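Participant: Counted the way the numbering used here counts, the sequence shown spans residues 18 to 262.
Okay, here's the structure, questions in a sec.
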Amino acid sequence: MKPRVVTVIQARMGSTRLPGKTLIDIGGTPMLARVVNRAKRATLVDETVVATTLSGSDDAVPEACARWGVPCFRGSVDDVLDRYFQAAQAHRADAVVRITADCPVIDPDVIDHEVRLFVEHQPDYVSNAVVGPFPRGLDVEVFSMDALTRAWREARPGFERIHVTPYIYDPANGFDILYSRWDDDYSEYRLTVDTENDLALIRAIYAYFGNADTFTWPDVLALLKSNPMLAMINATEHQKPLEAG
Numbered sequence: 018m019k020p021r022v023v024t025v026i027q028a029r030m031g032s033t034r035l036p037g038k039t040l041i042d043i044g045g046t047p048m049l050a051r052v053v054n055r056a057k058r059a060t061l062v063d064e065t066v067v068a069t070t071l072s073g074s075d076d077a078v079p080e081a082c083a084r085w086g087v088p089c090f091r092g093s094v095d096d097v098l099d100r101y102f103q104a105a106q107a108h109r110a111d112a113v114v115r116i117t118a119d120c121p122v123i124d125p126d127v128i129d130h131e132v133r134l135f136v137e138h139q140p141d142y143v144s145n146a147v148v149g150p151f152p153r154g155l156d157v158e159v160f161s162m163d164a165l166t167r168a169w170r171e172a173r174p175g176f177e178r179i180h181v182t183p184y185i186y187d188p189a190n191g192f193d194i195l196y197s198r199w200d201d202d203y204s205e206y207r208l209t210v211d212t213e214n215d216l217a218l219i220r221a222i223y224a225y226f227g228n229a230d231t232f233t234w235p236d237v238l239a240l241l242k243s244n245p246m247l248a249m250i251n252a253t254e255h256q257k258p259l260e261a262g
């Protein structure tokens, strides 16, 4: 029997490099709404939930979700692993898809690909995000509720709890891990939003596609290949190391 799969989108308003980015405008629609709309089109996912914090600075997130009719769970500010565990438990997940709210071109077909691997091979954890030349911004992790529960019980304070899954994909902890691979190297492309340059690229991509949410990752790839100057907009930006928080 297929597990009940719940996508949990990690979202909060605080950002050191781009404050308030979660609800920043992209072609007339808040970024979080873009992420939610795209994630909800994954056909192998049973429910999509936003997980934010109990901090008053994040009140705008559940208020927006209420307007959109999207479930929103509020939990720990700093223990993001606990926030994920509580959200997944509250929504009766057998398996969890982890996405972050700064990935507004996330592709539902990519989500379905990772979920399909999880269902067919039944590992503890599947991801395209830990190894392999993937474009930052299409990150998808899928893990079992059992794996999440063990991580929640055993992960140490700090790094392992802030970033949710390091305890699971650490080989020392003995989980059954499956990494999906890309046929080609797309690591030159950066499709997440951490800086003004990232935002400029994403806005340009959305504008090219008429500010609709229906374009796919192959559509974006074709656009960037045919317009290499677009990718130069944020070519000097780098992902903040996990250790930096």
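The beta-carbon is built from N, C-alpha and C at its ideal position, and this holds for glycine as well.
Quick caveat, the model's predicted, so the values are computed rather than measured.
Inspect the beta-carbon positions of Val-210 and Asp-119 and report whether they are closer than 8 angstroms.
Facilitator: yes
Participant: So what does DSSP say about Arg-210, is it helix, strand or coil?
Facilitator: The question names Arg, but residue 210 is Val in the sequence shown. Note: Val-210 maps to coil in three-state DSSP.
Participant: Which word fits His-108, buried or exposed, when buried means at least 16 other C-beta atoms lie within 10 angstroms of its C-beta?
Facilitator: Burial of His-108 is indicated by the presence of at least 16 other C-beta atoms within 10 angstroms of its C-beta.
Participant: Hey, would you say Arg-207 sits closer than 8 angstroms to Glu-158, going by beta carbons?
Facilitator: no
Participant: In the DSSP output, which residue or residues are listed as bridge partners for Thr-46?
Facilitator: Ile-43
Participant: Taking C-beta to C-beta, are His-138 and Leu-195 nearer than 8 angstroms?
Facilitator: Yes, the Cβ-Cβ distance between His-138 and Leu-195 is below 8 angstroms.
Participant: Pull up the DSSP beta-bridge partners for Thr-117, would you.
Facilitator: In the DSSP assignment, Thr-117 forms a beta bridge with Gln-27.
Participant: Determine the extent of the alpha helix (DSSP H) in which Arg-21 is found, giving its start and end residues.
Facilitator: Element bounds for Arg-21: n/a, residue is neither H nor E.
Participant: If we count the other Cβ atoms within 10 Å of its Cβ and call it buried at 16 or more, is Gly-73 buried or exposed?
Facilitator: Exposed, by the Cβ-count rule.
Participant: Would you call the stretch 162 to 171 in contact with the stretch 89 to 104, where contact means no fewer than 3 C-beta pairs closer than 8 angstroms?
Facilitator: Touching, yes.
Participant: Which partner residues does Glu-158 have in the DSSP bridge list?
Facilitator: Arg-115 and Ser-144
Participant: I need the straight-line Cα distance from Thr-253 to Val-67, nearest angstrom please.
Facilitator: 30 angstroms
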